[in-house]
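Visitor: Numbering (full-length UniProt numbering), first residue to last: 1 to 761.
Heads up, the beta-carbon is just placed ideally off N, CA and C, and yes, glycines get one too.
Computed from a predicted structure; not experimentally measured.
Provided herewith is a single structure, encoded as structure tokens, for subsequent inquiry.
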Amino acid sequence: MTDEKNELQPGSIANGDLSAEIRLVAENVERRFQTGRRVLSFAEYLDLFATDPVRYARDASRYLRDVFDHYGTTKIEHPWGKFTRYNLFDMPWDGGGPGKPLPRGALIGQEPVQEEIYRSLSNFAREGRPSRLVLLHGPNGSAKSTIVGCLMRALEHYSTLDVGALYRFNWVFPSNKTVRGSLGFGKKAESGTTDTFAHLADDEIDAKLLVEVRDHPLFLFPLEERKVLLERLFSAAGEPPSDWILRGQLSHKSQQVFEALLSSYGGSYTEVLKHVQVERYFISQRYRTGAVTIGPQMSVDAGERQITADRSLAALPASLQAVTLYEAKGELIEAAGGLLEFSDLLKRPLDAFKYLQLSVETGEVALTQQNVQLNCVMMGSANELHLDAFREHPEFASFRGRLELIRTPYLRSYIQEQTIYDAHVAPQVQCHVAPHATMMAAMFAVLTRMRKPNPDRYGRQLGAALSSLSAVEKLDLYATGRIPERLDTDAQKTLRANVPDVFDESDPYPIYEGRIGASPREMRVVLLDAAQSPKYKCLSPIAVLEEIENLCQRRGEFEWLQQEAIAGGYHDVRAFQEALHGRLLDSWEHELYSTSGLVDDERYAELFERYIQHVSMWVKKERVRNRVTGDYEEPDEKVMREVERLLDVKGEPQEMRKQMISAIAAWAIDHPGQKVEPSIVFPHHLKRMRDSIFGERRPAVAQRARDIERLVRDEGAGLDDTRKRNSETTIERLIARFGYCRECAADAMSVLVRRRFGDVS
């Protein structure tokens with residue numbers, strides 16, 4: 001629909017004048033209807049078609065591909081590669097997009113799947129029609145339905161825009177009192193009575209036949225003349241018209257009406273076209289128009305009924321009532337012009353969808369009285385167990401050429417997984433969500449999906465690094481690109497450069513990485529149950545870990561709990577829980593140090609950056625400019641020695657200094673044009689230095705944790721005013737910087753005191 005910039009807004013009328021409000025709404029609706037060109041005569045539609053033939057001649061595959069293009073793309077970089085993200089999956093029409101809250105139903109991650117779908121649609125567009133069924137396959141809960149849901153929502157919104165306008169036509173028959181003389185059945189209407197019946201009011205029409213398969217208005221052009229017209233209009237378009245618009249034919253009902261009218265009018269084509277009313281329509285899931293989802297029922301998805309026996313059509317002219325008309329029905333018909341989803345396709349018996357084999361190949365579905373031309377993109381979903389069984393079926397080979405298989409695995413980045421829980425689960429929790437609660441669930445879920453790398457597939461150095469890579473280290477590698485600090489510099493560099501190969505290693509395997517593991521659906525239940533824990537007033541990460549432990553007791557219910565634990569902690573759910581407990585304590589401790597005021601959080605970062613500057617000048621044998629005096633001085637050996645002490649450098653530091661500068665040079669080569677950030681190039685060194693600084697303040701920080709617990713739990717009993725004030729300030733910083741509340745801050749301090757600071761006085 002065309003947006004009106006100066007359109008009056010409902011609500012601008014005084015509150016008491018509701019009738020004026022209704023009139024205003026009515027004016028706006030009528031204005032949008034008229035400017036949106038909702039109803040046209042055939043001649044008016046041809047004029048519109050000629051303004052942009054490419055737009056108005058799109059089949060379903062080109063239309064859906066253009067939906068992808070319309071909303072644009074964003075380049076996404078992960079440790080395992082660079083990908084294109086299609087913005088429609090952020091649902092921008094609902095306010096989603098980069099840096100914005102994700103609307104309900106938006107897709108998180110799965111960029112490779114998005115690229116594969118777009119590639120398939122582009123191939124369909126080149127072939128001239130959707131020639132295969134796109135089958136998304138993967139484990140339960142891997143976002144297959146979410147992907148299709150986003151596509152349908154995008155189709156709905158796009159069809160409301162001018163650029164996405166869609167048109168079909170109906171047959172209208174005016175009443176005797178409207179047009180003098182015969183209505184075209186027996187002799188021509190008198191000259192000059194009307195050029196079209198398309199704009200007649202309802203009370204001026206005796207009957208209206210809807211074309212349920214949404215035939216394109218240009219199908220009313222005979223094939224030869226249509227080809228000439230399209231070649232002329234498309235000559236400057238840069239792309240050929242699709243086979244659908246070139247060779248498509250009227251449906252059975254429309255062809256019967258057309259022939260009857262043509263015969264009654266003595267072959268007058270222009271008189272026949274007077275009965276054509278071109279109408280704009282909009283894709284809608286709710287009303288099953290161009291966006292239809294069907295479950296695994298055991299029936300053919302199209303049928304027909306005779307409509308000339310329907311009493312509601314008794315007003316049709318007598319000549320037309322003598323013609324047997326059939327109306328097609330069913331999901332394949334309702335999806336015309338858009339997208340049809342077969343949910344859990346392979347749960348159907350083979351005989352229930354075997355007709356698709358021929359329908360996809362020919363682009364038609366055979367009914368009793370007619371063959372209906374299909375114009376919809378067909379997508380299906382299937383879990384891996386059903387697909388494995390289907391591969392063993394004798395008919396699979398003949399089906400394979402009609403299927404576009406797109407693997408849809410579980411996510412393997414806990415950052416993406418956490419975004420799912422933050423966007424779709426946390427808002428449903430009726431309490432405060434403590435920091436790290438959803439992260440614990442996300443990390444555990446992704447850990448259950450990890451496969452141990454096969455070092456034999458790689459060279460000696462990379463294979464050696466991967467042979468010792470633990471599940472937790474692989475978790476960090478995928479999410480942040482973090483390389484194990486224990487590896488030497490060369491091994492770290494080799495592993496960093498080959499993360500994409502490691503990520504794709506299991507793609508050829510039947511049991512690929514991301515096929516088996518905890519589903520987001522299972523973790524959703526974990527989070528909701530944890531939110532109801534009577535021990536905590538918030539959704540606590542400790543409660544999440546307790547619920548995870550309960551989940552792991554149900555070994556017989558989940559395949560991922562039945563995997564045998566192997567070296568490196570893979571499939572070892574007990575080791576996962578211990579690692580997550582430790583990581584949670586690390587996070588709490590770091591946040592306490594950062595907010596306590598006892599440690600200057602920025603001091604060590606600034607000191608390390610200064611160290612890198614001095615080391616660089618030391619290696620180059622150059623002088624450093626003093627920021628205060630402006631003089632050039634020798635690199636400060638005292639500063640370098642202090643940082644090297646904090647880094648616990650053994651022996652002479654000269655070799656380490658040279659290695660660090662070499663690492664910076666290598667990083668700069670791999671990231672041309674990017675500013676060198678020491679915190680990015682040397683995260684392990686920075687962490688080691690931070691831990692050293694924190695360690696020197698450990699007793700004072702431990703006391704602060706005890707004071708916070710006492711302040712919240714015991715109202716500060718035994719604390720003097722200074723300790724109360726300092727504790728209150730720390731709590732305020734935890735709330736402002738990390739999202740705590742007083743209760744979950746006290747919970748965290750209580751656990752830290754018991755688990756980390758019990759022996760610190």
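Determine the extent of the alpha helix (DSSP H) in which ASN123 is found, giving its start and end residues.
Guide: 111-127
Visitor: Which of the three DSSP states, helix, strand or coil, is assigned to ASN371?
Guide: Correct three-state label for ASN371: strand.
Visitor: Looking at the unbroken beta strand (DSSP E) that takes in ARG280, where does it start and where does it end?
Guide: 276-281
Visitor: Tell me where the alpha helix (DSSP H) around LEU584 begins and ends.
Guide: 573-596
Visitor: Do ARG402 and VAL360 have their CB atoms nearer than 7 angstroms?
Guide: yes
Visitor: Does the separation of the CB atoms of CYS552 and CYS431 fall below 7 angstroms?
Guide: no
Visitor: With a 10 Å radius around its C-beta and 16 neighbouring C-beta atoms as the bar for buried, classify ALA748 as buried or exposed.
Guide: buried
Visitor: Run the CB neighbour count on ALA287, radius 10 Å, all protein chains shown included, and call it buried at 16 or more, exposed below.
Guide: The sequence as given places Tyr at residue 287; Ala does not occur at that position. Around the beta carbon of TYR287, fewer than 16 other beta carbons lie within 10 angstroms, which makes this residue exposed.
Visitor: Alpha carbon to alpha carbon, how far is GLN349 from PHE390?
Guide: Checking the sequence shown, residue 349 turns out to be Pro, not Gln. Approximately 10 angstroms between the Cα atoms of the pair.
Visitor: Since GLN114 contacts TYR86 with CB under 8 angstroms, what's their CB separation in whole angstroms?
Guide: Taking 8 angstroms as the upper bound for CB-CB distance, GLN114 and TYR86 are in contact here, some 5 angstroms apart.
Visitor: Can you tell me the Cα-Cα spacing of residue 775 and TRP244, whole angstroms?
Guide: Given that the chain is displayed from residue 1 to residue 761, the structure contains no residue 775 and the question cannot be resolved.
Visitor: Where does ALA441 sit, in a helix, a strand or coil, going by DSSP?
Guide: helix
Visitor: Hey, is the stretch 440-448 in contact with the stretch 484-492, meaning 3+ C-beta pairs nearer than 8 angstroms?
Guide: no
Visitor: Indicate the three-state DSSP secondary structure (helix, strand or coil) for ASP195 in the structure shown.
Guide: coil
Visitor: What residues are listed by DSSP as bridge partners for PRO174?
Guide: ILE205
Visitor: For GLY192, collect the residues of the same chain with a Cβ closer than 6 angstroms to its Cβ; drop the 5 residues on either side in sequence, then sort them by chain order.
Guide: Confidence at GLY192 is low in this model, with a pLDDT of 45, below 50, so its placement is unreliable and the value that follows should be read with caution. If we look at GLY192 and ignore the five residues flanking it on each side, it has no Cβ neighbours.
Visitor: Report, in whole angstroms, the separation of the C-beta atoms of LEU345 and LEU135, which I expect to be a contact under 8 angstroms.
Guide: 7 angstroms
Visitor: Name, in chain order, the residues that DSSP records as bridge partners for ILE566.
Guide: DSSP lists TYR570 as the beta-bridge partner residues of ILE566.
Visitor: In chain order, which alpha helix (DSSP H) runs of at least 4 residues are fully inside the stretch 462-534?
Guide: If we require 4 residues or more, the alpha helix (DSSP H) runs fully inside the stretch 462-534 come out as 471-480, 489-497, 499-504 and 520-531.
Visitor: With C-beta atoms as the reference, is VAL323 less than 7 angstroms away from GLN256?
Guide: yes
Visitor: With DSSP as the reference, please indicate the residues paired to VAL624 in a beta bridge.
Guide: As a beta-bridge residue in DSSP terms, VAL624 pairs with GLU633.
Visitor: Where do the N-terminal and C-terminal ends of the alpha helix (DSSP H) with HIS432 fall, by residue?
Guide: From DSSP, HIS432 is part of no alpha helix (DSSP H); its letter is neither H nor E.
Visitor: Please classify THR730 as buried or exposed, where buried requires at least 16 other C-beta atoms within 10 Å of its C-beta.
Guide: buried
Visitor: Is the stretch 583-592 close to the stretch 557-570, with three or more CB pairs under 8 angstroms?
Guide: Too few Cβ pairs lie closer than 8 angstroms, so no.
Visitor: If you draw a straight line from the alpha carbon of GLU522 to that of VAL425, how long is it in whole angstroms?
Guide: The C-alpha of GLU522 lies about 12 angstroms from the C-alpha of VAL425.
Visitor: What separation, rounded to the nearest whole angstrom, lies between the Cα atoms of GLU732 and GLY739?
Guide: 10 angstroms
Visitor: With 16 other CB atoms within 10 Å as the buried threshold, where does THR595 fall?
Guide: buried
Visitor: Let's see if you can read the secondary structure: which residues bound the beta strand (DSSP E) around PHE83?
Guide: 81-86
Visitor: Output needed for residue 768: all residues of its chain with C-beta closer than 7 angstroms, excluding positions within five of it in sequence on either side, in chain order.
Guide: Because the chain spans 1 through 761 in this model, residue 768 falls outside it and cannot be assessed.
Visitor: Taking 8 angstroms as the threshold, find out whether the stretch 68-85 comes into contact with the stretch 132-147 through three or more Cβ pairs.
Guide: The stretch 68-85 is not in contact with the stretch 132-147.
Visitor: Please classify GLN369 as buried or exposed, where buried requires at least 16 other C-beta atoms within 10 Å of its C-beta.
Guide: exposed
Visitor: Name the two residues that bound the continuous beta strand (DSSP E) containing ASN365.
Guide: With the sequence shown as reference, residue 365 is identified as Val, and Asn is not the correct amino acid for it. 364-366 is the extent of the beta strand (DSSP E) around VAL365.
Visitor: Could you give the C-beta distance for ALA382 and THR448, rounded to a whole number, given that I count them as a contact under 8 angstroms?
Guide: Rounded, the Cβ-Cβ distance is 22 angstroms, inconsistent with contact.
Visitor: Does the contact criterion of 3 or more C-beta pairs under 8 angstroms hold for the stretch 206-224 versus the stretch 330-340?
Guide: yes
Visitor: State the start and end residues of the unbroken beta strand (DSSP E) segment that holds GLU291.
Guide: Reading off the sequence, residue 291 comes out as Ala, not Glu. Segment 291-294, the beta strand (DSSP E) holding ALA291.
Visitor: Nearest CA to the CA of TYR632: which residue from MET640, ARG645, VAL643 and TRP618?
Guide: TRP618
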